[in-house]
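Chains A and B supply the protein sequences, listed in that same order.
Counting from 155, one number per residue, gives the positions in the first sequence under the working numbering.
Counting from 566, one number per residue, gives the positions in the second sequence under the working numbering.
Cβ atoms here follow ideal geometry from the backbone N, Cα and C, with glycine treated the same way.
To start, the structure itself, in structure tokens.
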Amino acid sequence: MTTFIIRRTLVTLPVLLGIVFLVFVLARVIPGDPCTEVLGEHATAAQCEVWAEEHGLNRPIPVQFLGYLAQIARGDFGDSVRLSRPVTTMLIERLPTTVELTLFAMFVAIVVGIPLGMLSAVRRNSATDVSTMMFANLGVSIPVFVLGLILAYVFAVGLKGTPLALPSSGRLSAGVEVIPLAVAWGLQDWTGVPRGILDFVSGLYVFSSLISGQWGAAGDAFRHLILPAVALATIPMAIIARITRSSLLEVLGLDYVRTARAKGVGERAVILRHAMRNALLPIVTIIGLQLGLLLSGAVLTETVFNLSGVGRTLYEAITARDYIVIQGFTLVIAVVYVLINLAVDISYGFLDPRIHQR
Amino acid sequence: MTTTTASTPEGMIAEGAAKARPARLWRDTLSSVLHQRSAVVGLIILGFLVFVAVFADVIATHDPNKSLLGVEDGLVRRSAPCVHLLGCPADQPQHIFGTDGNFRDLFSRVVHGARTSLTVGLAAVSFAIIVGATIGALAGYFGGSSDNILMRFMDVLLAFPSLLLAIAIVTALGPNLTNALLAIGIVSIPIYARIVRASVLDTKERDFVTASRALGESGRGVLTRRILPNSVTPLVVAATLGIGAAVLEIAALSFVGVTGDLTRPEWGSMIGLERNQLFNSPHVILAPAVAITLTVLAFTLIGDGLRDALDPRLNR
């Protein structure tokens, strides 16, 4: 098992290096001069020269790349060209929005998707099955941004004034504030990496306000999270339901399930303890793959629901040619994605002992 | 498995060929697909959409790009749908889906949008398949370090959220519809490369391939005539679902506004332009939204049907 984990981890190293390189190149071929983007349309050639010198942009590309590698190894992603702020600070500010949204959406997708798929499989070809699968097929076909707009319309406008009304924009209501953990716990003198981690956790509003006992803010943050998360969850939910159904149906046809039934094991135990355990492998694969898809969906959800998370920041950076931000954010997203896939692969080893013995 | 006919190289080839006799495979597949209610629904929707796309000029009641301001009397911006046969007062101009924010006929725009979406979806997937299949075939056939390099490169492409990578590529190449098409194609190359590689790896050690090599067929002939035909089945399924995904992605790219000309009748840009109007005139959003959903649904249903029909593990 240990060798399997080590081998699988080593394989991801070249991929990570490839990602850094691709991100570096991509950020540089985006047309437009970052200098005029920052200093304005009327910047003279001489001004641009000085500016490029300051930012190390006139050195040869390979030198810039090596410099970049050394820089990110120190945890420094550079300063935003447009906003003159460290990208690391921006990441600490904005990554939690997306992490919170994505995790909550994934939670909704799993908690609703797996039971729906199981129900469909157990009552195969019944009205429940047909309607669940119709719902699933519709779910994968509706564009995320349309669903987001419709949810916002129904819950923020249609149900306005009723207890079911939900906010459709931002992360907190006006006047509500989540006190950062550093302040709440009196840890303002922390600096460096621990402070960064603390601030990152503070950015996960629902979580941080719960652990620091800010109940009002927690409720408000949670209410703001519901609509975007549900919009984002629909596609993975539908996909998970479909995979659960087909995977469980396949397992239910196997001999050992028949044996279990013949032994007199109750139907509930057959499904939950015998069949689901083996049906889980493809479901875990899909969940891992969906996390990447969720990040794509997050760009659209964040646009529709006015959240300044990673997706929206990146989109704005791309259109403004802020290549330092593009580099830093894309890199972090891609690395997170690769690590998730690594975790999925390793979890196979635990779920299915046949895999690492090969 | 060792029959008398398969003991000679010629016999093995005959066996391999018999397994994949194309005409019969497709006939069986078609009849099996037609036995699934959901796939038939998908085919009907797709048939309807293709019909609309081909005859868009005839079906559309107005010029999709022409503002009717000052042309028609009593015209209101974003007017609600008005069909005279259904009881809309005769003094109001007839617009089946109403009009949009620029006084254009929404029905005609949605109809012309079918053409854009289907063409772009098909073209993006074709591009991805041609490049992806080539990469996958080479990687699988030659194996070793070329396999490693090509597939690690595919892994790198897969490591980015597809929509963000597509936005970055479109921005790099210049924001227009052709580049958006290319970007969507590029981000889906790894999917097809992986499928073809897996099927090549599975096939290349089979007896009929060895036999054909023993008979002196060139490496290229073995690859293109003996091995690749076996990848067609999984490719067809992936491509069908892929067109649906491409339609969604092109709509998303247009929605965020990186496909250039926003006045083009394209479903995603129609929603993007009017996104703040959902509260006042929902029809300007819902008409293109339903069109996108129907298109993607059609490809999803057909793709699922094809998969079930072509999957030998399922008892038919």
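Requested in this report: Say whether the region 302-319 of chain A touches the region 375-390 of chain A, bearing in mind that this needs 3 or more beta-carbon pairs closer than 8 Å, one atom from each stretch.
Outcome: yes
Query raised in the report: Ala693(B) versus chain A: which residues are under 7 Å apart at the beta carbon?
Result: In the second sequence, residue 693(B) corresponds to position 128, counting from 1. Going along chain A, no residue has its Cβ under 7 Å from Ala693(B), so there is no contact; the nearest lies around 16 Å.
**Report entry** Straight-line Cα distance separating Arg182(A) from His600(B)
**Finding:** Locating residue 600(B) in the second sequence gives position 35, counting from the first residue. Locating residue 182(A) in the first sequence gives position 28, counting from the first residue. Between His600(B) and Arg182(A), the C-alpha separation is close to 53 Å.
Query raised in the report: For the region 744-760 of chain B against the region 699-713 of chain B, are there 3 or more C-beta pairs whose distance is under 8 Å?
Result: yes
Query raised in the report: If the cut is a Cβ gap below 7 Å, which residues of chain A does Leu813(B) touch?
Result: Counted from its first residue, the second sequence places residue 813(B) at position 248. Result: Pro297.
Query raised in the report: Should Asp767(B) go down as buried or exposed, given a rule of 16 or more other Cβ atoms within 10 Å for buried?
Result: Along the second sequence, read from residue 1 onward, the residue named residue 767(B) stands at position 202. Label assigned to Asp767(B): exposed.
Query raised in the report: Buried or exposed: which applies to Leu445(A), given that a residue is buried once 16 or more other Cβ atoms fall within 10 Å of its Cβ?
Result: One-based indexing of the first sequence puts residue 445(A) at position 291. Buried.
Query raised in the report: Rounded to a whole number of angstroms, what is the C-alpha to C-alpha distance between Leu818(B) and Trp339(A)?
Result: Working through the second sequence from its first residue, we reach residue 818(B) at position 253. Working through the first sequence from its first residue, we reach residue 339(A) at position 185. Distance between the alpha carbons of Leu818(B) and Trp339(A) is about 44 Å.
Query raised in the report: Under a Cβ-count criterion, where at least 16 other Cβ atoms within 10 Å of its own Cβ denotes burial, should Ser727(B) be classed as buried or exposed?
Result: Taking the second sequence and counting its residues from 1, one reaches residue 727(B) at position 162. It counts as buried.
Query raised in the report: In angstroms, rounded to a whole number, what distance separates the CA positions of Thr252(A) and Leu352(A)?
Result: Reading the first sequence from its first residue, position 98 is the one you call residue 252(A). Reading the first sequence from its first residue, position 198 is the one you call residue 352(A). Cα to Cα, the separation comes out at about 17 Å.
Requested in this report: Using 10 angstroms around the beta-carbon of Phe672(B), count the other beta-carbons present and answer buried if the total reaches 16, otherwise exposed.
Outcome: Within the second sequence, residue 672(B) is the residue found at index 107, counting from 1. Classification for Phe672(B): buried.
**Report entry** Listed by chain order, chain B residues near Ala457(A) by CB distance under 7 Å
**Finding:** For this step, residue 457(A) is matched to residue 303 along the first sequence. The amino acid at residue 457(A) is misidentified as Ala; the sequence shows Thr. Here the neighbours are Val821.
Query - Beta-ladder partner(s) of Thr664(B), from DSSP - result: Locating residue 664(B) in the second sequence gives position 99, counting from the first residue. Thr664(B) is bridged to Asp670(B).
Requested in this report: For chain A, find out if any of its Cβ atoms is closer than 9 Å to the Cβ of Asp767(B); answer yes or no.
Outcome: Here residue 767(B) corresponds to residue number 202 of the second sequence, with the count starting at 1. Not an interface residue.
Query raised in the report: Are the C-beta of Met155(A) and some C-beta of chain B separated by less than 9 Å?
Result: Within the first sequence, residue 155(A) is the residue found at index 1, counting from 1. Chain B, which has no Cβ nearer than 9 Å to the Cβ of Met155(A), makes this no.
Query raised in the report: Taking the alpha helix (DSSP H) that Phe504(A) falls in, what are its first and last residues?
Result: Numbered from 1 along the first sequence, position 350 holds the residue referred to as residue 504(A). Phe504(A) -> alpha helix (DSSP H) spans 477-505.
Query raised in the report: So, helix, strand or coil for Cys653(B), using DSSP?
Result: Along the second sequence, one-based indexing puts residue 653(B) at 88. Coil, per DSSP.
Report task. Classify Asp638(B) as helix, strand or coil using the three-state DSSP reduction. Result -> The residue given as residue 638(B) occupies position 73 in the second sequence. Of the three classes helix, strand and coil, the one that applies to Asp638(B) here is coil, per DSSP.
Query - Among His196(A), Pro250(A), Leu223(A), nearest to Ile173(A) - alpha-carbon criterion - result: Working through the first sequence from its first residue, we reach residue 173(A) at position 19. Checking every option, the nearest Cα to that of Ile173(A) belongs to Leu223(A).
Query raised in the report: If the cut is a Cβ gap below 8 Å, which residues of chain B does Leu292(A) touch?
Result: If you number the first sequence from 1, residue 292(A) lands on position 138. Simply Thr858, Leu862.
Query raised in the report: From the DSSP output, which residues share a beta bridge with Asp233(A)?
Result: Translated into the one-based positions of the first sequence, residue 233(A) becomes position 79. According to DSSP, which records beta bridges pairwise, Asp233(A) is partnered with Pro240(A).
Query - Any C-beta of chain B under 9 Å from that of Ser450(A) - result: Working through the first sequence from its first residue, we reach residue 450(A) at position 296. Yes, Ser450(A) lies at the interface with chain B (some Cβ there is under 9 Å from its Cβ).
Query raised in the report: Apart from the five residues just before and just after Gly357(A), which ones in its own chain have a Cβ nearer than 6 Å to its Cβ?
Result: Along the first sequence, read from residue 1 onward, the residue named residue 357(A) stands at position 203. Result list for Gly357(A): Pro250, in chain order.
**Report entry** Simplified DSSP assignment, three categories, for Ala571(B)
**Finding:** Residue mapping note: residue 571(B) aligns to position 6 of the second sequence, counting from 1. Confidence at Ala571(B) is low in this model, with a pLDDT of 46, below 50, so its placement is unreliable and no value can be given for it.
Query raised in the report: Does the ligand GTP have even one heavy atom less than 8 Å from the beta-carbon of Asn212(A)?
Result: What this structure holds is no ligand at all, so the ligand GTP is not there to describe.
Query - First and last residue of the uninterrupted alpha helix (DSSP H) at Cys647(B) - result: Translated into positions along the second sequence, residue 647(B) becomes position 82. Taken as a continuous stretch (DSSP letters only), Cys647(B) belongs to no alpha helix (DSSP H), as it is neither H nor E.
Report task. Report the three-state DSSP secondary structure of Arg829(B) (helix, strand or coil). Result -> Taking the first residue of the second sequence as position 1, residue 829(B) is located at position 264. If DSSP states are grouped into helix, strand and coil, Arg829(B) belongs with coil.
Query raised in the report: Where does Arg717(B) sit, in a helix, a strand or coil, going by DSSP?
Result: Within the second sequence, residue 717(B) is the residue found at index 152, counting from 1. Helix at Arg717(B).
Report task. Rounded to whole angstroms, what's the CA-CA distance from Leu806(B) to Leu683(B)? Just pull it up for me. Result -> Counting from one through the second sequence, the residue named residue 806(B) turns up at place 241. Counting from one through the second sequence, the residue named residue 683(B) turns up at place 118. Taking the straight line from one Cα to the other gives about 13 Å.
Query raised in the report: So which residues of chain A does Val721(B) contact, with C-beta pairs closer than 7 Å?
Result: The residue given as residue 721(B) occupies position 156 in the second sequence. Within 7 Å Cβ-Cβ: Val169, Gly172, Ile173, Leu176.
Report task. Measure the beta-carbon distance from His848(B) to Gly663(B) and round it to whole angstroms, keeping in mind my assumption that it falls under 8 Å. Result -> Within the second sequence, residue 848(B) is the residue found at index 283, counting from 1. Within the second sequence, residue 663(B) is the residue found at index 98, counting from 1. That pair is a contact at about 5 Å.
Query raised in the report: Among Asn495(A), Pro507(A), Leu505(A), Leu403(A), which residue has its Cα nearest to the Cα of Leu167(A)?
Result: Locating residue 167(A) in the first sequence gives position 13, counting from the first residue. Minimum Cα distance to Leu167(A) is reached at Asn495(A).
Query - Secondary structure, alpha helix (DSSP H): runs of 4+ residues fully inside the region 404-443 of chain A - result: 409-416
Query raised in the report: When you compare each of Asp506(A), Ala497(A), Thr484(A) to Ile226(A) by their alpha carbons, which one comes out closest?
Result: The residue given as residue 226(A) occupies position 72 in the first sequence. Closest by alpha carbon: Thr484(A).
Query - Among Leu447(A), Arg277(A), Cys189(A), the one whose alpha carbon lies nearest that of Val204(A) - result: Here residue 204(A) is taken as the residue at index 50 of the first sequence, counted from 1. Of Leu447(A), Arg277(A), Cys189(A), the residue nearest in Cα terms is Cys189(A).
Requested in this report: Give every residue of the same chain whose Cβ lies closer than 8 Å to the Cβ of Ala336(A), excluding the five residues on either side of it in the sequence, and list them in chain order.
Outcome: Against the first sequence, residue 336(A) aligns to sequence position 182. Counting only Cβ-Cβ distances below 8 Å, and skipping sequence neighbours, we find Gln342, Trp344, Arg349, Leu352, Asp353, Ser356.
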